[in-house]
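Notes for the one structure printed next.
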Amino acid sequence: MSNTFSQHLADEAQTVAMGARLCKYIKDGAVLFLHGDLGAGKTTLSRGIVQGMGHKGKVKSPTYTLVEPYELNEVSIYHFDLYRLGDPEELEYMGIRDYFSPEAICIVEWPEKGRGFIPNPDLNVEMAYDGQHRNITVSATSERGQQIIKQLGQDA
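By my numbering, the letter at position 86 of the sequence shown is numbered 85, and the numbering carries on one by one without gaps.
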């Protein structure tokens, strides 16, 4: 069984669609670490996940607030953007551990800035430039993550 899933994303619409596809398999909770350069599509993918779970409003990057919560009927989603985090210890003051319940979906952009204060992910998601397009690689880092990858592969 493969522990990775990769796909070429031609445009923003395909990136959003990939997030909506992914949300089908993380609806029971997961921790996702999103990696990639600025503008690589991390927030766009997050928008697809959040809207795919039923959110009807805008999905913005929580660059200045650090976390944007989405309390939906069947799931709580917490979208973190740690890009501007000065010191990972700041996460303790905001009660970071309270967000990471087993049934919550936690999407973390720039997770390396919170090292030591956030739990290990179920999935590492790498977003990379390919000219004007993007490539996404999703890697499992837990048993839960492996189940998600398996389902993604079967859905391809």
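Cβ atoms here follow ideal geometry from the backbone N, Cα and C, with glycine treated the same way.
Below 7 Å CB to CB, which residues in the same chain sit around Thr43 once its five sequence neighbours on both sides are set aside? Glu11, Thr14, Val15
Please go through the same chain and pick out, in chain order, the residues whose beta-carbon is closer than 6 Å to the beta-carbon of Ser75, but skip the five residues on each side of it. Ala103
According to DSSP, simplified to helix, strand and coil, what is Asp10? Note: Asp10 maps to coil in three-state DSSP.
Can you grab the Cα-Cα spacing for the pair Lys112 / Leu90, in whole Å? 10 Å
Cβ-based burial, Gly18 [other Cβ within 10 Å; buried from 16]: Per the 10 Å Cβ criterion, buried.
Let's test the definition: count the other Cβ atoms within 10 Å of the Cβ of Asn123 and tell me whether it reaches 16, buried, or not, exposed. Under this definition Asn123 is a buried residue.
Please list the segments of the beta strand (DSSP E) lying wholly inside the region 58-142, counting only runs of 3 or more residues, in order along the chain. 66-70, 75-80, 104-108, 122-129, 132-139
Taking the beta carbon of Arg83 as the centre, do at least 16 other beta carbons fall within 10 Å, making it buried, or is it exposed? Under this definition Arg83 is an exposed residue.
Buried or exposed: which applies to Arg114, given that a residue is buried once 16 or more other Cβ atoms fall within 10 Å of its Cβ? exposed
Helix, strand or coil: how does DSSP classify Ala16 here? helix
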